[in-house]
Each structure stands twice: as structure tokens, then as C-alpha cells.
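Structure record follows, encoded as C-alpha cells.
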Amino acid sequence: MALKILMLHGINHSMFGKRDPKQYGTITLAQIDDQLRSLGQELGAEVESFQTDSEGDMCGRIHKAYAEGKDAVLINAGAWTHYSYGIRDALAILTCPVVELHMSNIHAREPFRHVSVFAEIVKGQICGFGVDSYLLALRAAVSAVKAAKG
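Read in order, the letters of the sequence shown correspond to residues 376 to 525 in my numbering.
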């Protein structure tokens with residue numbers, strides 16, 4: 376049975392491919408999701424993606440992930456990473472591994488981006504590798520689930 380993994384894309388991510396190509400490249404959100412689904416198949420995981428620009432909708436989707444019993448959650452919350460205690464509290468409800476990821480190296484950017492309010496509650500962070508941050512995060516999540524299941 377395939378692992379059920381949820382990929383959460385945050386605010387402004389529907390603009391990937393157009394927004395600040397120096398930081399984020401020219402890859403689109405649809406291309407990222409295609410690569411995640413493809414790698415997921417190789418790893419025995421079904422990857423569902425969700426993107427919203429609404430903080431409340433993001434919290435609602437996290438609550439739904441809890442109810443669905445997702446095996447792992449990946450999140451690139453964008454700017455919400457640095458200040459959304461609402462999303463942090465929703466993520467803290469989850470009992471599965473949560474992997475935070477960012478395309479850019481948040482620690483090499485503006486000082487406000489150096490802080491993640493999720494850091495204390497996630498399994499780990501991956502940043503700075505562009506689209507590969509997503510793929511590395513998926514590999515890390517699958518590994519964490521398999522290790523937890525023994």
C-alpha cells in the first residue's frame with residue numbers, strides 16, 4: 376500500500392515561474408508537483424498537492440490531513456514560515472513526520488527569513504536547492520515514515 380503524503384504549498388507559490396526567477400528559477404508549481412508525483416511513484420508514495428494564498432484554508436487543509444491519517448506532510452509555507460503561529464499550531468496537531476522546505480536558502484537572505492516558527496515542531500528543514508529541495512524533502516519524509524514503522 377502506497378504511503379499517503381501531502382505537499383502543502385503556501386502563499387504566492389502559484390506564481391512560481393514568474394516570481395523572482397533569481398531566487399526561485401523558472402519552474403512552475405505544476406512542474407514541481409509533476410516531479411513530486413513521479414518520484415513518489417518510485418518511492419512507493421502517493422503525493423497529493425495543495426496550494427492556497429489563504430492562511431485559514433491552509434490550516435483547514437492541515438486539519439483535514441490529520442483526519443485522513445496522512446503518513447507525512449511536506450510544507451513550503453513561503454512567508455508564513457516566519458510568522459504564522461496559526462499554521463504552526465495546526466502543524467503541531469499532526470502525529471506524522473512534517474518536513475519544512477524552501478527553494479531558496481532562507482539563511483542567506485533577509486534577516487526576517489532566517490527564523491522559522493515551525494522549526495521546533497518539524498522533523499527537519501531542507502532549503503537552498505531549488506526544485507531539488509522538494510525532492511529531497513519527499514525522500515526524507517518517506518525515510519522517516521519507514522523508520523517509524525520499523
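Beta carbons are placed, not taken as given, at the ideal position from N, Cα and C, and that holds for glycine.
Contact check, residue i vs residue j, beta carbons under 9 Å
i: Pro472; j: Lys498; result: yes
i: Leu466; j: Ile496; result: yes
i: Ile402; j: Asp446; result: no
i: Phe425; j: Arg412; result: no
Beta-carbon contacts of residue i that lie in its chain and below 6 Å, excluding the five residues immediately before and after
i: Thr427; result: Met433
i: Arg480; result: The identity of residue 480 in the sequence shown is Asn, whereas the question assumes Arg. Contacts found: Cys502, Gly503.
i: His482; result: His489
Closer than 9 Å to chain D by CB, residue i
i: Cys502; result: The structure shown contains no chain D; it is built from a single protein chain.
Cβ-based neighbour list, residue i, same chain, cut-off 8 Å, excluding 5 preceding and 5 following
i: His457; result: Phe487, Arg488, Val490, Ser491, Val492
i: Val506; result: Gly400, Ile402, Gln406, Ile407, Gln410, Met478
i: Ser389; result: Leu404, Gln426, Asp428
i: Tyr460; result: Val492
One or two residues paired with residue i in a DSSP bridge
i: Glu475; result: Ile450, Gln500
beta-carbon residue i near the ligand ADP non-hydrogen atom, thresh 8 Å
i: Arg436; result: Looking for the ligand ADP in the displayed structure turns up nothing, as the structure carries no ligands at all.
Rounded C-alpha distance that separates residue i from residue j
i: Ala420; j: Phe504; result: 22 Å
i: Val517; j: Met376; result: 13 Å
Residue i in three-state terms, based on DSSP
i: Ala512; result: helix
i: Val490; result: coil
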